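Shown next, in structure tokens, is the structure this report addresses.
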Amino acid sequence: MKKPLPRAIIVSVLSIWIFVLCGTLASKQPITETKLPVIVGPTEPPSLGTEKTKLLLEKDLTIGSNVVNQDDYLGLVDALQVDNDGNIYILSRQTQVVKIFNKNGGFLRNIGGKKSSYKGFQNLIGLGVSPEYGILIFARNNLYSFTVEGKLVRETEAPQGINDPCLDSLGNIIAVNNYTRLNKTLSGEDAPRFVLELKKYNLDFVPYAILAKHERVSTSKTINAFPEWLYFTVLKDGGIAWGVNKQYEVTILDKDAIPIGMIRKDFNPIIIPEIEKQKIAKKVIPESNIKVEFPEYYPPFSSIHADDEGRIFVETFENSPEGMKYSDVFNLEGQYIAKIAVKGIIMCWKKSKLYAMESDESGGISRIIRYKAVWE
942 MKKPLPRAII
952 VSVLSIWIFV
962 LCGTLASKQP
972 ITETKLPVIV
982 GPTEPPSLGT
992 EKTKLLLEKD
1002 LTIGSNVVNQ
1012 DDYLGLVDAL
1022 QVDNDGNIYI
1032 LSRQTQVVKI
1042 FNKNGGFLRN
1052 IGGKKSSYKG
1062 FQNLIGLGVS
1072 PEYGILIFAR
1082 NNLYSFTVEG
1092 KLVRETEAPQ
1102 GINDPCLDSL
1112 GNIIAVNNYT
1122 RLNKTLSGED
1132 APRFVLELKK
1142 YNLDFVPYAI
1152 LAKHERVSTS
1162 KTINAFPEWL
1172 YFTVLKDGGI
1182 AWGVNKQYEV
1192 TILDKDAIPI
1202 GMIRKDFNPI
1212 IIPEIEKQKI
1222 AKKVIPESNI
1232 KVEFPEYYPP
1242 FSSIHADDEG
1252 RIFVETFENS
1262 PEGMKYSDVF
1272 NLEGQYIAKI
1282 AVKGIIMCWK
1292 KSKLYAMESD
1302 ESGGISRIIR
1312 YKAVWE
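Sequence positions in the sequence shown follow this note's numbering and run 942 to 1317.
This is the structure:
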């Protein structure tokens, strides 16, 4: 077993050269050299007298039913947004519906469904809610714009290879675009490379900035159970925090896509249990003859989130004694301020409320739990 990385100290001023993609597409200049302040965090949060580091969660709402025909049947939840009035918007790729509830959990309306007449509405992948732009529902090949009352006002074609699309506070679409390109080896063979690009689009889905880029080897003969992926979250001021789960690094961009800092953190590698490998392998179609590959350790993190008060949450694979997942919490200066355990999957933070998804044992039926979050 590999030894854990050594414990580090917080370094308030340290500059290194990194390569960041934040040029416009028109400039054809994808790489910019930038000196960044790098904050190196220890394995456990230090004591910071100026920060509130203890999180108290009080459950105050549950949405979700096991009965398919009920209005609050959610299926498997893929995205969740909350508007300024506290109304809750829940997207399920499984049911092909966006369900809308008021702040008290009362059902308001559905948008979509398997019998929907909207073209291409069957592959829902993302959701955005804004007072200025209404409800934006992202499908695999289309963007649908609705009024808050549920009236379709616009349909826009989306580029191929879009993943995790969302809306930032400035009215931009942020999404990961993936594609495969061929790279010539020294022997002259074509070696496929899987490319991930974090892009900024306008509401017509015209890209005008590449925020980050990552490549990995691509193969059709094997499936990596924990592939390298580019995770991101939008910040309250229109900025972005992003990282690739290959290592524990999170880059912070301001609203103009200029890098302003990077978080690095030591972590103790966690071995993937054999029982977990068996569960994942069973989900692959047996007759496909595709081999599932497992790394020895879990990746450093599994997702990145942000609240509307300036905190960044990096969800890890480390479990609490109660079996809940730990998330590391950082402020916008990159300081490691807290370590919290949350039951379920974090979906959204809004006005001191945490919205988390819990699923049944089969993973096919979800419910949303809302917590009142108090920092002390």
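Beta carbons are placed, not taken as given, at the ideal position from N, Cα and C, and that holds for glycine.
Please read all numbers here as calculations on a predicted model, not as lab measurements.
Shown here for V1233: same chain residues with a beta carbon closer than 6 Å to its own, the five before and five after excluded, namely I1164, A1166, A1222, V1225 in chain order. Around the C-beta of F1048, fewer than 16 other C-beta atoms lie within 10 Å, and the residue is accordingly described as exposed.
Where A1198 is concerned, there is no enclosing alpha helix (DSSP H), because DSSP gives it neither an H nor an E. In this structure, I1287 lies away from Y1267, with their beta-carbon atoms at least 8 Å apart. DSSP places Q1022 inside the beta strand (DSSP E), whose first and last residues are 1020 to 1023. DSSP places A1222 in the helix class (H, G or I) of the three-state scheme. Rounded to the nearest angstrom, the gap between the Cα atoms of I1310 and P1133 is 42 Å.
In the structure shown, I1211 adopts coil according to DSSP, grouped into three states. Beta-bridge analysis with DSSP links A1099 to no other residue. Under the three-state reduction of DSSP, E1073 is assigned to coil, being neither helix nor strand. Inclusion of Q1035 and G1069 in the CB contact set at 8 Å is not warranted, their separation being larger than that value. A1279 places its beta carbon 8 Å or farther from that of L998. Here the alpha carbon of E1250 sits roughly 17 Å from the alpha carbon of D1026. Residue nearest to A1247 within the set V1018, G1275, Y1149 is G1275 (criterion: CA-CA distance). The alpha-carbon separation between G1202 and L1077 amounts to approximately 30 Å. When only Cα atoms are considered, K1162 and R1050 end up about 44 Å apart.
Residue range 1083 to 1087 is occupied by the beta strand (DSSP E) that includes F1087. For D1249, there is no enclosing beta strand (DSSP E), as DSSP marks it with neither H nor E. Approximately 7 Å separates the beta-carbon atoms of I1193 and L1273; this is inside 8 Å, confirming the contact.
Uninterrupted beta strand (DSSP E) stretches at least 3 residues long and entirely within the segment 1117 to 1154 occur at 1131 to 1142, given in chain order. Taking the CA atoms as reference points, S1086 sits about 8 Å from Y1074. DSSP places T994 outside any beta strand (DSSP E), giving it a letter other than H or E.
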